Each structure stands twice: as structure tokens, then as C-alpha cells.
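Per full-length UniProt numbering, the sequence shown runs over residues 1 to 339. Even glycine gets a Cβ: it sits at the ideal position worked out from N, Cα and C. Quantities reported herein were computed from a predicted structural model and do not represent experimental measurements.
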Amino acid sequence: MRVLLTGHQGYLGTVMAPVLAAAGHEVTGLDSGLFADCVLGPTPPDPEGLAVDLRDVPAEALAGFDAVIHLAALSNDPLGSLAPELTYDINYHASVRLARLAREAGVRRFLYASTCSVYGASGDEPVTEDAPLRPLTPYAESKVRVEDELLELADADFTPVFLRNATAFGFSPRLRADIVLNNLVGHAHLSGEVKVLSDGTPWRPLVHALDIADAFTAVLTAPREAVHARAFNVGTERNNVTVAEIAATVVEAVPGSTLLITGQTGADPRSYRVDFSRLRAALPGCEARRSVKEGAVELIDAYRRHGLTREAFERRFTRLARLADRQAAGTVGGELRPR
Ligand SMILES: NC(=O)c1ccc[n+]([C@@H]2O[C@H](COP(=O)([O-])OP(=O)(O)OC[C@H]3O[C@@H](n4cnc5c(N)ncnc54)[C@H](O)[C@@H]3O)[C@@H](O)[C@H]2O)c1
Numbered sequence: 001m002r003v004l005l006t007g008h009q010g011y012l013g014t015v016m017a018p019v020l021a022a023a024g025h026e027v028t029g030l031d032s033g034l035f036a037d038c039v040l041g042p043t044p045p046d047p048e049g050l051a052v053d054l055r056d057v058p059a060e061a062l063a064g065f066d067a068v069i070h071l072a073a074l075s076n077d078p079l080g081s082l083a084p085e086l087t088y089d090i091n092y093h094a095s096v097r098l099a100r101l102a103r104e105a106g107v108r109r110f111l112y113a114s115t116c117s118v119y120g121a122s123g124d125e126p127v128t129e130d131a132p133l134r135p136l137t138p139y140a141e142s143k144v145r146v147e148d149e150l151l152e153l154a155d156a157d158f159t160p161v162f163l164r165n166a167t168a169f170g171f172s173p174r175l176r177a178d179i180v181l182n183n184l185v186g187h188a189h190l191s192g193e194v195k196v197l198s199d200g201t202p203w204r205p206l207v208h209a210l211d212i213a214d215a216f217t218a219v220l221t222a223p224r225e226a227v228h229a230r231a232f233n234v235g236t237e238r239n240n241v242t243v244a245e246i247a248a249t250v251v252e253a254v255p256g257s258t259l260l261i262t263g264q265t266g267a268d269p270r271s272y273r274v275d276f277s278r279l280r281a282a283l284p285g286c287e288a289r290r291s292v293k294e295g296a297v298e299l300i301d302a303y304r305r306h307g308l309t310r311e312a313f314e315r316r317f318t319r320l321a322r323l324a325d326r327q328a329a330g331t332v333g334g335e336l337r338p339r
């Protein structure tokens, strides 16, 4: 298939592009490059790509593709809360516009990177895709609105699919340090301390970046009737873990590190357990396989091998800090368009 992969220079896109290529797809990227140089270790070989802002994508850019995988976004809750209007412009309006252009250009399948954050604070019972959506942040709200509008676009020739990913973990050459496992392993590496600011009880379902790539690759070529206009949680029940359990796993993976649970109430009220059975049922064999422990071991190896420094961890690989630094340096404008 000829696939347009937006966000190909992000954390997940950098892992997904080679997985798609290995499955025989012809991949073209699209990214404004906000984090293109945020690389740990050797620079990855990117597919051919368009350097364009999502808000400015011309209609011609969609011509000739069989499918779009749409990852590009301001991609986390704190980032979205810092600049809610930009989050709605990029994550919501520009995403819906991209989908309309794709449909008009005859693209048949549109895989949308949604999030389990749409479930908000859902308690202890695992939530299925039919659970009420309770987005708690502009980021999660923007994802819900896109799902709603893409559903309206679905027809005989256009198949949108919503992949609600759990929180990702694992090594990517374009690392993100602001997601929970990657962050806790970083602290263990740099200070020997695994510090949990909350009481550790919130549920945080996790999924390895490569398992997300595998799920998107499977959905790309799945029979239309199995996936048409449907939402799928992406992850595994085995990785439905509490923050305290994640921290304990990190301590195990990084010998010599110690666990500190401060018990302060964190600012983040999200807590949800997720049921991942729909994707397994729709696409037998499609299931996230990599464990949190494997991810922690992989990350500490990579951090050590590539010499992750505190400065890089706190600034280069932390989305919010990186954008603030680029704005201060004048390489990104107020509306987050690279200059
Ligand atoms: N990482 C996770 O834990 C996670 C979990 C659930 C869902 N998701 C979703 O998956 C997608 C990818 O996440 P990620 O972790 O790779 O994020 P990321 O921040 O690493 O990558 C996002 C990419 O989008 C690009 N981008 C942002 N704004 C753009 C714009 N206006 N125009 C063009 N490109 C733009 C950035 O340059 C970046 O390369 C996002 O939609 C995110 O919401 C991620």
C-alpha cells in the first residue's frame, strides 16, 4: 500500500515507519519537524517526507495514497493544557481537515491515533470501547472530537479507524522522556531514585511503541468489515498497572535504584483500566506482547549505551521543555510553526 504517515519524525512515527516498510508498504512521511533532532543514539533513516505543518497541508499532498496513518499532534496532556487553543487548532481542526482532504483525494483508509486518555477517571473496572468518554484535558477532548467527526465521514469508500493507544513506553531513536516508564527509568539512571509524587494508586495502562506499530500495521490491511468506523483499544490487560507497580518494576530493572513514594496528590487525576479484547476478537493474533519489565530493561540499556545526560533528559526529550527552548531560540514561532 502507498501510505502517508503523519508525525513520522516523532517518538512513535520513528518506530512505526520501518515496521510499515518491512511489511511491504511504501511510506511517505509528513511532519513539521518539531522534534526532528531529538535523537538518542544514531540518527534513524527517515522515509521520504513532506516538511509541512498539518494546518497548511495542500490538497495535492494527499493524491495517490491508499491510506493515511495520522499520528502528528501535540501529543500529551500537559502540552495540551499549556496551549489549549493550539491543541484544538492542530489536534482537532487540522486533523479533521486532513481527513476530509484524504477522503476527497480517494484515500480509502484513515487510521487515527487516539488515546485511552479519552476514558479519563474511570475507576477500577476495565473500560471497553463502549464506555462513556470522560476526557479531562484539552488533549483528550480534541481526540474525542476528531473521532466524532471522522465517524461522520465514514462511507462505502472511506474507512476511518480509531486506535485508542494506552500510554506508550520503550526505546525510540526519537525518545520521549515525558511518558511514565521512560521517565521513571531516566530518573533511576540519572539519580538512582525512582520517585513517585502521587500515592501510586492511579491505573495507567501501558503499551510498547513497537506493539502500537504492529497494531497499526495489522489494521491497515484488515478486512474492511472488521474495522470500518470502529474504535479499538490498543494494549494488553497484562500491562494494566498502577503507577506504584510501574515504579517497582523500574527498581527491579535498575539494580541499586531505590523507590520513593511521596504520597503527595499529583495534579493528574487520570486513572483507568482498559479492556483490550475487541482488537483481539476483530483481528485474531493481534495483541500487544511486550511487557513493562522488558521495556524497562531495554530503556536502561539504551540510556547507558547512548549516555543519556540529565540535560538531554530534562530538556531535549521532554516535549514541553523542548518547545519552550525552541521558542526561546527563535526556531519555532508562537503558533508552533518551525522557522
Ligand atoms: N506516546 C504515547 O504515549 C501516546 C499514547 C496515546 C496516543 N498517542 C498519540 O500518538 C501520536 C504520536 O505520538 P508521539 O508519542 O509519537 O508524539 P510526538 O510528540 O513524539 O510526535 C508527534 C509528531 O507530530 C509532529 N507535529 C506536531 N504538530 C504538528 C503540526 N502542526 N504539523 C506537522 N507535524 C506536527 C511533531 O513534529 C512530531 O514529530 C499522537 O497523536 C499522540 O496523541 C501517543
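message: Just checking ASP165 against ligand 1 - is the residue's beta carbon closer than 7 Å to any of the ligand's heavy atoms?
response: Within the sequence shown, the letter at position 165 stands for residue 165. According to the sequence displayed, residue 165 carries Asn and not Asp. At least one heavy atom of ligand 1 is nearer than 7 Å to the Cβ of ASN165, so yes.
- request: Please find out if some non-hydrogen atom of ligand 1 comes closer than 7 Å to the beta-carbon of PHE158.
  value: Sequence index remark: in the sequence shown, residue 158 carries index 158 (1-based). No, ligand 1 has no heavy atom inside 7 Å of this Cβ.
- prompt: So THR249 and PRO202 are in contact, right, with Cβ under 8 Å, and what is the actual spacing, rounded?
  reply: Along the sequence shown, one-based indexing puts residue 249 at 249. Along the sequence shown, one-based indexing puts residue 202 at 202. The Cβ separation is near 15 Å, so there is no contact.
message: Taking 7 Å as the cut-off, is the C-beta of ILE300 nearer than that to any heavy atom in ligand 1?
response: Counted from its first residue, the sequence shown places residue 300 at position 300. Checking every heavy atom of ligand 1 against the Cβ of ILE300, none is found closer than 7 Å.
- prompt: Relative to the alpha-carbon of SER291, which residue among LEU181, PRO138, LEU151 has its alpha-carbon at the smallest distance?
  reply: As a first step, residue 291 must be located in the sequence shown, where it is residue number 291. Per the Cα distances, LEU181.
Among VAL185, ILE212, GLU149, nearest to ALA288 - alpha-carbon criterion: To locate residue 288, count along the sequence shown from 1; it is residue 288. Checked all of VAL185, ILE212, GLU149; the closest Cα to ALA288 is ILE212.
task: Inspect the beta-carbon positions of ALA99 and LEU153 and report whether they are closer than 8 Å.
output: On the sequence shown, residue 99 is found 99 positions in, with the first residue counted as 1. On the sequence shown, residue 153 is found 153 positions in, with the first residue counted as 1. Yes; because the gap between Cβ atoms is below 8 Å, this pair is in contact.
Continuous alpha helix (DSSP H) assignments of at least 4 residues falling wholly in the stretch 136-211: 138-153, 180-191
- prompt: Which residue comes first and which comes last in the beta strand (DSSP E) that contains ASP31?
  reply: Reading the sequence shown from its first residue, position 31 is the one you call residue 31. Where ASP31 is concerned, the enclosing beta strand (DSSP E) stretches over 26-31.
query: DSSP puts GLY49 in a beta bridge; with which residues?
result: Taking the sequence shown and counting its residues from 1, one reaches residue 49 at position 49. According to DSSP, which records beta bridges pairwise, GLY49 is partnered with GLY29.
- prompt: Hey, is PHE313 close to ligand 1, as in C-beta under 7 Å from one of its heavy atoms?
  reply: Reading the sequence shown from its first residue, position 313 is the one you call residue 313. False, no ligand heavy atom lies under 7 Å from that Cβ.
field: Through-space distance from LEU210 to PHE169, alpha-carbon basis
entry: For the purposes of this step, residue 169 is taken as residue 169 along the sequence shown, with counting starting at 1. For the purposes of this step, residue 210 is taken as residue 210 along the sequence shown, with counting starting at 1. Answer to the nearest angstrom: the Cα atoms are 9 Å apart.
task: Answer yes if the stretch 177-193 comes into contact with the stretch 90-105, meaning at least three C-beta pairs across the two stretches below 8 Å, and no otherwise.
output: no
- request: Give every residue of the same chain whose Cβ lies closer than 8 Å to the Cβ of LEU323, excluding the five residues on either side of it in the sequence, and list them in chain order.
  value: Here residue 323 is taken as the residue at index 323 of the sequence shown, counted from 1. Result list for LEU323: LEU34, LEU79, VAL332, LEU336, in chain order.
message: ligand 1 and GLY10: does any heavy atom of the ligand fall closer than 7 Å to the residue's C-beta?
response: On the sequence shown, residue 10 is found 10 positions in, with the first residue counted as 1. Yes, the Cβ of GLY10 comes within 7 Å of a heavy atom of ligand 1.
query: Based on the DSSP secondary-structure assignment, which residues constitute the bridge partners of ALA67?
result: Here the question's residue 67 lines up with position 67 in the sequence shown. Beta-bridge pairing links ALA67 to VAL3, ARG109.
message: Let me make sure I understand the geometry here. Which of ASN233, LYS143, LEU150 has the alpha-carbon closest to that of PHE216?
response: On the sequence shown, position 216 is the one that residue 216 refers to. With distances taken between Cα atoms, PHE216 lies closest to ASN233.
message: For a test of your reading of the model: does the CB of ASP325 fall under 7 Å from any non-hydrogen atom of ligand 1? Yes or no.
response: Your numbering for residue 325 matches position 325 in the sequence shown. No.
message: Closest to VAL52 by C-alpha separation, out of ASP66, THR43, PHE65, THR28, would be which residue?
response: Position 52 of the sequence shown, counted from the start, is the residue given in the question as residue 52. Nearest of ASP66, THR43, PHE65, THR28 to VAL52, Cα basis: THR28.
query: Can THR6 and HIS70 be called in contact, C-beta distance under 8 Å?
result: The residue labelled residue 6 in the question sits at position 6 within the sequence shown. The residue labelled residue 70 in the question sits at position 70 within the sequence shown. Yes, they are a contact pair.
LEU151 at chain C interface by Cβ criterion, 8 Å: Here there is only one protein chain, and chain C is not present.
message: With a threshold of 8 Å, are at least 3 pairs of Cβ atoms found where one atom belongs to the stretch 278-285 and the other to the stretch 39-55?
response: no
- prompt: Would you say the stretch 144-164 touches the stretch 109-116, given that touching needs at least three Cβ pairs under 8 Å?
  reply: yes
Distance between ASN239 and GLY200 (C-alpha atoms, nearest Å): For the purposes of this step, residue 200 is taken as residue 200 along the sequence shown, with counting starting at 1. For the purposes of this step, residue 239 is taken as residue 239 along the sequence shown, with counting starting at 1. Distance between the alpha carbons of GLY200 and ASN239 is about 15 Å.
message: As a quick exercise: from GLY24, ALA302, GLU129, LEU4, pick the residue whose alpha carbon is nearest that of ALA177.
response: Residue numbering aside, residue 177 sits at position 177 when the sequence shown is read from its first letter. The option with the nearest alpha carbon to ALA177 is ALA302.
- prompt: Between which two residues does the beta strand (DSSP E) harbouring ALA302 extend?
  reply: Indexing the sequence shown from 1 puts residue 302 at position 302. From DSSP, ALA302 is part of no beta strand (DSSP E) but of the alpha helix (DSSP H) over 292-305.
- request: Just the C-alpha distance for HIS189 and ALA329, rounded to the nearest angstrom, thanks.
  value: Counted from its first residue, the sequence shown places residue 189 at position 189. Counted from its first residue, the sequence shown places residue 329 at position 329. Their backbone Cα atoms lie some 29 Å apart in a straight line.
- request: Rounded to whole angstroms, what's the CA-CA distance from ARG164 to LEU220? Just pull it up for me.
  value: Counting from one through the sequence shown, the residue named residue 164 turns up at place 164. Counting from one through the sequence shown, the residue named residue 220 turns up at place 220. Taking the straight line joining both Cα atoms gives about 15 Å.
task: Give the straight-line distance between the Cα atoms of GLY263 and ARG55, rounded to the nearest whole angstrom.
output: Along the sequence shown, one-based indexing puts residue 263 at 263. Along the sequence shown, one-based indexing puts residue 55 at 55. Each residue's alpha carbon lies about 42 Å from the other.
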